[in-house]
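A.B. asks: Numbering-wise (this note's numbering), the sequence shown opens with residue 130 and increments by one. Think of the CB as a built atom: it goes at the ideal place given N, C-alpha and C, for glycine as much as any other residue. None of these values were measured; they are calculated from a predicted model.
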Amino acid sequence: MAIGIDVTHYVTAADLSPAFPGQLADLSPADIRSFVAETAVTVGTVVCQGTSAGQCAVVASGVADCAVGVVIRLNVLSPSDLDGSGKIPAGEDVSVLNKGRIWVLADDSPSVGDRGYTEYSGSPGYVSDQATTALDTRAQVRFLSEKNSDDLALVEVDFQNVQG
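1) Span of the beta strand (DSSP E) holding T247?
2) Buried or exposed, going by whether 16 or more other CB atoms sit within 10 Å of the CB of Q152?
3) Do you know how far the Cα of P147 is from the Cα of A282?
4) Go through its chain and collect everything with a Cβ distance to Q184's Cβ below 8 Å, but skip five positions before and after it.
5) On the CB-based measure, 16 or more other CB atoms within 10 Å of its CB, does P158 come out buried or exposed?
6) My output table needs one value for Q289: the three-state DSSP class, helix, strand or coil.
7) When the distance is taken between beta carbons, is A169 closer than 9 Å to V188?
8) Ordered along the chain, which non-local residues of its own chain (more than five positions away) have a Cβ less than 6 Å from that of S252?
9) Rounding to the nearest angstrom, what Cα-Cα distance links S190 and V199 in this structure?
10) In terms of DSSP beta bridges, what is S163 paired with?
11) Excluding the 5 residues flanking V241 on each side, which residues of the same chain have their C-beta closer than 8 Å to its C-beta?
12) Who are V187's beta bridge partners in DSSP?
13) Quick check on this structure: which residue in Q289, T266, N290, S214 has the alpha carbon closest to the alpha carbon of V192?
14) Buried or exposed: where does S257 fall if 16 or more other Cβ atoms within 10 Å of its Cβ makes it buried?
15) What is the residue span of the beta strand (DSSP E) that V197 lies within?
16) Rounded to the nearest angstrom, what separates T180 and C195 at their Cα positions?
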């Protein structure tokens with residue numbers, strides 16, 4: 130019995146994404162905080178302080194200076210820890226990058242060096258170079274890459290001066 134193997138396509142660098150949402154960019158110093166998800170939160174997005182200390186939640190409109198960092202994708206998460214859409218369910222532990230470099234879900238067309246806004250409608254928590262329906266997080270987010278075809282961009286964040 131012969132076994133057929135398709136060798137017409139080889140994996141190339143163009144086939145691979147450089148990262149996953151919420152992946153730390155490197156091993157440089159980083160400030161990581163622990164929270165409990167008050168609401169389901171998406172890996173690789175900016176989250177806000179929840180209603181009580183130690184909680185984080187999805188970015189909502191009209192909440193100024195609430196952002197505490199970006200949800201990190203941890204290798205200890207099993208597929209059953211996520212709800213199938215890249216979200217960590219409410220009540221689960223969440224690691225949030227408060228300062229450092231990380232791959233985030235991005236919208237619009239950022240360029241290297243642009244400052245980032247955090248969206249609260251459409252794609253809550255996504256980082257954008259546009260101010261439409263977004264929190265002003267330009268002081269905390271700087272793009273280190275353009276957005277790729279997987280909607281990922283490398284950013285440097287510093288939310289240490291934001292209360293949370």
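C.D. replies: Let me lay it out:
1) 246-248
2) buried
3) 10 Å
4) F164, V165, A166, E167, Q178
5) With fewer than 16 other beta carbons inside 10 angstroms of its own, P158 counts as exposed.
6) coil
7) no
8) D236
9) C-alpha of S190 to C-alpha of V199: approximately 17 Å in a straight line.
10) S224
11) Answer for V241: F272, L273, S274, E275, listed in chain order.
12) V176
13) T266
14) buried
15) 196-200
16) 10 Å
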